[in-house]
Structure formats: C-alpha cells, structure tokens
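Everything in the sequence shown is counted per our numbering, starting at 3 for the first residue and increasing by one. Structure record follows, encoded as structure tokens.
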Amino acid sequence: MTVSATVKGGFWSQYGTTMSLINAKGPQRFRIAQWLSRKSLMALREKMETLDGAAAGSTASKTLARVEANSELGGKRTVETETLINTATVSGDITEINNDLLALSTRTYDSTPVANGDKNPLGTR
Numbered sequence: 003m004t005v006s007a008t009v010k011g012g013f014w015s016q017y018g019t020t021m022s023l024i025n026a027k028g029p030q031r032f033r034i035a036q037w038l039s040r041k042s043l044m045a046l047r048e049k050m051e052t053l054d055g056a057a058a059g060s061t062a063s064k065t066l067a068r069v070e071a072n073s074e075l076g077g078k079r080t081v082e083t084e085t086l087i088n089t090a091t092v093s094g095d096i097t098e099i100n101n102d103l104l105a106l107s108t109r110t111y112d113s114t115p116v117a118n119g120d121k122n123p124l125g126t127r
C-alpha cells in the first residue's frame, strides 16, 4: 500500500509537490510487533519464525542473557543464560498459532448473551 501527501510549502517543498510513503502498514501491525516482543510471548514468536515457510520438525530456540540475582550490593556478577524455548516444532504448534492469533475462538465470544439487567459495567447476569 502506498500513501502520498500533498506538499503545500515549507522545508519539504524543495522535494516536489507530492511525497509518498511506501508500504505503510498501519498501527495494527506495530501493536502486534510490540505485543510479540514481550518476554512472555518470545517463545511463541520464535515458533512462528521457525515455522515461517518451513515444515514442522525444525528446532525453535530462544535464549536471553541476564545478570544473576544476588542479595549483595557490590561485586562482580555472572551473566546467566535463560532459555525461553528449545524444542522441536510439531504440527500441533501450527494449530496452536492459528487458534491463538488467526481465528476468533470460543474463549473470546459469548454465543448466548444475556441482557444486563442491573446495568453493571462488569456484565454481571
């Protein structure tokens, strides 16, 4: 998708009367990328990257470096390696990704809504 803007004057007028932004993806993709960059979802992201264009069976692994926890205030600390995921992918991983990210599930949808008689914003019945 290409987005263009009309230049009315000022600094950018030296580059022409229109400017275009190529491949504008919108705020939704930015939010999803932010969401998947959280530590709690890095394992899922690594599975997705491993399975992108490949069949199940390859190894998904993600490690992070962290400074060891220590109750003393000073001194030299060692750097530990934290393994978030190190496993072979299976076909069930593809199903899990599809259910979690690409489809609405029954967990997020109430098929039998009941009128909110007491007008409670929490939706009590």
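Virtual Cβ for every residue (Gly too), placed ideally from N, Cα, C.
Check your understanding: What residue does the alpha helix (DSSP H) around R31 start on, and which one ends it?
Key -> 29 to 38
Review point. Which partner residues of V81 appear in the DSSP bridge assignment?
Key: V69
Review point. Counting pairs of Cβ atoms below 8 Å between the segment 43 to 52 and the segment 68 to 75, do you hit three or more?
Key: no
Practice item. Could you tell me whether the Cβ atoms of T89 and A62 are closer together than 8 Å? Key: yes
Exercise for review: Below 7 Å CB to CB, which residues in the same chain sit around I96 once its five sequence neighbours on both sides are set aside?
Suggested key: L53, A58
Review point. So which of R31, R79, K10 has the shortest CA-CA distance to L103?
Key: R31
Exercise for review: May I have the straight-line CA-CA distance separating A35 from E51, to the nearest angstrom?
Suggested key: 13 Å
Point to revise | N-terminal and C-terminal residue of the alpha helix (DSSP H) that E74 is part of | key: Taken as a continuous stretch (DSSP letters only), E74 belongs to no alpha helix (DSSP H), as it is neither H nor E.
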